[in-house]
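Protein chains in written order, with numbering that gives the first Met the number 0: chain V, 0 to 115; chain L, 0 to 115. Just so you know, even glycine gets a beta-carbon here, dropped at the ideal spot from N, CA and C.
Protein chains: 2
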Amino acid sequence: MSADRLSLIFSALADPTRRAILARLSEGEATVNELAEPFDISLPAVSRHLKVLENAGLISRSRNAQWRSSKLEAEPLREATEWMDRYRRFWDASFIRLDAHLRKIQHDSEDPGVKQ
Amino acid sequence: MSADRLSLIFSALADPTRRAILARLSEGEATVNELAEPFDISLPAVSRHLKVLENAGLISRSRNAQWRSSKLEAEPLREATEWMDRYRRFWDASFIRLDAHLRKIQHDSEDPGVKQ
DNA sequence: CAGCTAATTAACTGATGCGTTAAATATGCG
DNA sequence: CGCATATTTAACGCATCAGTTAATTAGCTG
């Protein structure tokens, strides 16, 4: 039924409108109307994008009178990055060298036992 | 019609089965049957997951007789990470310090002009 | 070529995503 | 209270997604 956390995060990030909303929020909190302004979609549509972002933990919200302000929460981005780090050695040359180095270290420490 | 590259990447990553396939491929190339083995879904379903991953650039495929082998391509992960790096200062304490440092540097270099 | 294995495509189903407009709710204010 | 503003919920349409089974294509091999 309910998707796992990483799936929620990635599918929240899969929509360009939601990524744009996050970009806007990186400059500071904003209300729903302010967030909707640059887009050519209805307010309810924006409201639901915000709910998706909230469910993924990417934003938190607070009420101030009749305004609901959204605030960026980057922790899920850290999680997603952490997941990708597992694959970093496949694209990052310096990481590949580090990886090779670590393998060598491990190999060296195992060697004595192997030899005897 | 066609989604932008980042959206393709993130939505490909939004599915747990596809992430598991990538994890498997990080250990080496594999055929469709090998990739399907751990999952409780039909071969055509796996076949389509592979097509999604291929469209996102996350895997490449080659044919060897009647077998089609899939290979991890990490470049899109680099792109996705790069996109997230824009937000790194919101979660990474050392990055926050670096950010503050850079602001100070910039401020200092601007100061003389301001003072005169 | 016939038959085997590997993989994809076709056709269908049910669930989900993203948009709409209209109605409902929440809050502040005269 | 009654109205204005901000936002959400309801109800709907349409496209896409993720799965199924059945049929098809691709390439070996006897």
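With a threshold of 7 Å on Cβ separation, who are the neighbours of residue i within its own chain once the five nearest residues in sequence on each side are excluded?
{"i": "L/Phe9", "result": "Ala79"}
{"i": "L/Ser25", "result": "Leu71"}
{"i": "V/Phe38", "result": "Thr16, Val45"}
{"i": "L/Val113", "result": "At L/Val113, the pLDDT of 44 sits below 50, so the modelled position is not reliable; the number obtained from the coordinates is stated separately. Answer for L/Val113: no residue qualifies."}
So residue i and residue j are supposed to be a Cβ contact under 8 Å. How far apart are they, rounded?
{"i": "V/Val45", "j": "V/Val31", "result": "6 Å"}
{"i": "L/Leu76", "j": "V/Met83", "result": "5 Å"}
{"i": "L/Ala2", "j": "V/Trp90", "result": "About 22 Å; that fails the 8 Å criterion."}
{"i": "V/Ala22", "j": "V/Ala55", "result": "The pair is not a contact, with the Cβ atoms about 16 Å apart (cut-off 8 Å)."}
{"i": "V/Glu53", "j": "V/Arg60", "result": "6 Å"}
Opposite residue i in the DSSP bridges: which residues?
{"i": "V/Ile40", "result": "BP columns for V/Ile40 are empty, so no partner."}
{"i": "L/Arg60", "result": "L/Ser69"}
{"i": "L/Thr30", "result": "L/Ser68"}
Apart from the five residues on each side of it in sequence, which residues of its chain come closer than 8 Å, Cβ to Cβ, to residue i?
{"i": "V/His48", "result": "Asp14, Thr16, Arg17, Ile20"}
{"i": "V/Ile40", "result": "Thr16"}
{"i": "V/Leu5", "result": "Glu78, Ala79, Trp82"}
For residue i, I'd like the list of residues in its chain whose CB is within less than 6 Å of its CB, leaving aside the five on either flank, ordered along the chain.
{"i": "V/Glu28", "result": "Ser68, Lys70"}
{"i": "V/Arg87", "result": "Phe94"}
{"i": "L/Trp66", "result": "Thr30"}
{"i": "L/Leu42", "result": "Ala35"}
{"i": "V/Ala92", "result": "none"}
{"i": "L/Glu33", "result": "none"}
Can you tell me whether residue i is buried or exposed, with buried defined as 16 or more other CB within 10 angstroms of its CB?
{"i": "V/Ile58", "result": "buried"}
{"i": "L/Ala64", "result": "exposed"}
{"i": "L/Ala35", "result": "buried"}
Please list, in chain order, the residues of the region 6-25 of chain L that have any C-beta partner in chain V closer than 9 Å.
Of all residues in the region 6-25 of chain L, the ones placed with a Cβ closer than 9 Å to any Cβ belonging to chain V are Ser6, Leu7, Ile8, Phe9, Ser10, Ala11, Leu12, Ala13, Asp14, Pro15, Arg18, Leu21, Ala22, Ser25, in chain order.
The region 32-46 of chain V: positions lying closer than 7 Å to chain L by Cβ
Taking 7 Å as the cut-off between beta carbons, none of the residues of the region 32-46 of chain V comes near chain L.
Quick one: which residues of the region 49-83 of chain V get their C-beta closer than 7 Å to a C-beta of chain L? List them in chain order.
Flagged, chain order: Leu71, Ala73, Glu74, Leu76, Arg77, Ala79, Thr80, Met83.
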